[in-house]
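In the numbering used here, the protein residues as written are 1049 to 1311.
Glycine included, C-beta positions come from ideal geometry on N, C-alpha and C.
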């Protein structure tokens, strides 16, 4: 049986790291991408020891303009065929739009949107030529909701969901599975300092998120929401008007930012 290879961005922590263990256990060779060389080297060594798979480390900041091209060139130079691409790297801030620095705002757009598009644009053609492949893009339950005080992050994740669903339709008959994964709050560094109401759907583990997404991918779904409570949250825009949703999410965010500032 031919061994498959998965490329994972944001592989040093959280959901990306969990994907690495989950898929290495299923005998995938792994290409690990992140900014943290030390963490990636440790992860690669552990995966090789535990599962006897090939683990390649690529140190790259995906918020940089030409990062996807650099990654693709490195993968091509090593003659590593990518059977599955997981666009997991992401970044978000809370607060008013003008309260965030231009640097952070730019980084969110570059990492959450540009990197996803550019990585897909680089690796999808090879999958199309082979007539097989899979792409998993990490969106969020915030993909479904306007969220004041997380305006840029929520907007970028809405993009990821829409982009992924569109590509799913375009390429599903060409043997390529494309899935958007919409986690809620998850036990990762990203949510360590999150306000309580952001955690309203209940904290899920990274293992649960990865398992949910892998099942959904194999079922040919276009998107999946991890967790029953998170799924109900994703349905709220169908129940409430957009004006009501704005009022609800704004009130929740204001209340919790106020709590965070007084603690």
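Residue environment, residue i, which counts as buried when at least 16 other CB atoms sit within 10 Å
i: residue 1051; result: exposed
i: residue 1169; result: exposed
i: residue 1243; result: Because residue 1243 carries a pLDDT of 49, less than 50, the predicted location of this residue cannot be relied on, and no value is offered for it.
i: residue 1192; result: buried
i: residue 1057; result: buried
i: residue 1267; result: exposed
i: residue 1066; result: buried
i: residue 1158; result: buried
i: residue 1301; result: buried
i: residue 1145; result: exposed
i: residue 1231; result: buried
i: residue 1246; result: Its pLDDT being 49, under 50, residue 1246 is placed unreliably in this model, and the value from its coordinates should be taken loosely. That one is buried.
i: residue 1303; result: exposed
i: residue 1278; result: buried
i: residue 1093; result: exposed
i: residue 1295; result: exposed
Residue interval of the alpha helix (DSSP H) (run including residue i)
i: residue 1153; result: 1150–1157
i: residue 1283; result: 1276–1287
i: residue 1064; result: 1062–1073
Contact check, residue i vs residue j, beta carbons under 7 Å
i: residue 1063; j: residue 1254; result: yes
i: residue 1135; j: residue 1167; result: yes
i: residue 1258; j: residue 1076; result: no
i: residue 1130; j: residue 1080; result: no
i: residue 1213; j: residue 1162; result: no
i: residue 1068; j: residue 1059; result: yes
i: residue 1201; j: residue 1143; result: no
i: residue 1016; j: residue 1107; result: What the structure shows of the chain is the stretch from 1049 to 1311, and residue 1016 is not part of that stretch, so it cannot be assessed.
i: residue 1105; j: residue 1088; result: yes
Start and end residues, beta strand (DSSP E) containing residue i
i: residue 1229; result: 1224–1230
i: residue 1057; result: 1053–1057
i: residue 1080; result: 1077–1082
i: residue 1107; result: 1103–1107
i: residue 1021; result: Examination of residue 1021 is not possible in this model, given that the chain is present from 1049 through 1311 alone.
i: residue 1271; result: 1271–1273
From the options, residue whose alpha carbon lies closest to that of residue i
i: residue 1053; options: 1181, 1210 and 1291; result: 1181
i: residue 1274; options: 1291, 1229 and 1301; result: 1229
i: residue 1190; options: 1222, 1184 and 1199; result: 1199
i: residue 1138; options: 1125, 1149 and 1153; result: 1153
i: residue 1211; options: 1187, 1195, 1201 and 1222; result: 1187
i: residue 1218; options: 1060, 1160 and 1183; result: 1183
i: residue 1176; options: 1216, 1083, 1261 and 1271; result: 1216
i: residue 1205; options: 1222, 1150, 1185 and 1251; result: 1185
i: residue 1116; options: 1100, 1225 and 1171; result: 1171
i: residue 1208; options: 1197, 1102, 1149 and 1164; result: 1164
i: residue 1124; options: 1111, 1174 and 1148; result: 1174
i: residue 1203; options: 1178, 1156 and 1226; result: 1156
i: residue 1095; options: 1222, 1261, 1122 and 1078; result: 1078
*What residue ranges within the stretch 1110–1150 form continuous beta strand (DSSP E) runs of no fewer than 3 residues, ordered along the chain?*
1132–1135, all fully within the stretch 1110–1150.
*Which whole runs of the alpha helix (DSSP H) in the stretch 1186–1214 are 4 residues long or more, in chain order?*
Listed in chain order, there is nothing to give.
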